[in-house]
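Residue numbers (my numbering): 256 to 377.
If you want it as C-alpha cells, here you go:
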C-alpha cells in the first residue's frame with residue numbers, strides 16, 4: 256500500500272496504537288520484542304501502511320495491557336462506537352496529564368483487578 260492509498264481507518268488506528276505505545280513508555284523495538292512482531296511491520300502499522308490481523312491485535316493488546324475488544328474496534332475503524340465496559344474509565348486514566356506513567360499503570364492495574372473480581376462474583 257503506497258502512502259497515497261492509505262485508508263483513514265488504517266491511519267487512525269496507527270495513530271491510536273502509537274499513542275498507546277507511548278503511554279506505556281515503550282519504544283517500537285520494545286513492543287516488537289514483547290509481541291514477537293517485527294519492528295518494521297509495527298512501524299508500518301503505526302504509519303497506516305498495513306492493517307493488522309486479529310492475532311497481531313491480540314498480541315498488541317496483551318503487550319499494552321489493553322482490551323483486545325477495544326483495540327479490535329479501533330482497528331476496524333469503529334473507534335468509540337463500540338461500548339466496552341470500563342473502556343471509558345481506562346481512557347480517562349490514560350488521558351489524564353496530571354498522572355505519571357507509573358501512576359496510570361498502577362490505577363489501571365487496580366481497576367482491572369476490581370473489574371475482574373466483580374465479574375467473578377457476579
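Heads up, the beta-carbon is just placed ideally off N, CA and C, and yes, glycines get one too.
Counting only runs of at least 4 residues, the region 291-330 fully encloses the following alpha helix (DSSP H) elements, listed from N- to C-terminal order: 294-301, 309-319, 323-330. In this structure residue 323 does not touch residue 310 by the C-beta definition: roughly 11 Å separates them, more than the 8 Å allowed. Proximity to residue 326 across 261, 290, 275 peaks at 275, based on C-alpha coordinates.
Using a Cβ distance threshold of 8 Å, residue 330 and residue 289 do not count as a contacting pair. Around the beta carbon of residue 301, a 10 Å sphere encloses 16 or more other beta carbons of the protein chains shown; the residue is thus reported as buried. Between residue 297 and residue 278, the C-beta spacing is not below 8 Å. Residue 266: member of the alpha helix (DSSP H) spanning 263-278, first to last residue. For residue 332, the three-state secondary structure derived from DSSP is coil. Restricting attention to 349, 299, 367, 269, the CA atom closest to the CA of residue 280 is found in 349. In this structure, DSSP gives residue 343 a helical state, which the three-state scheme calls helix.
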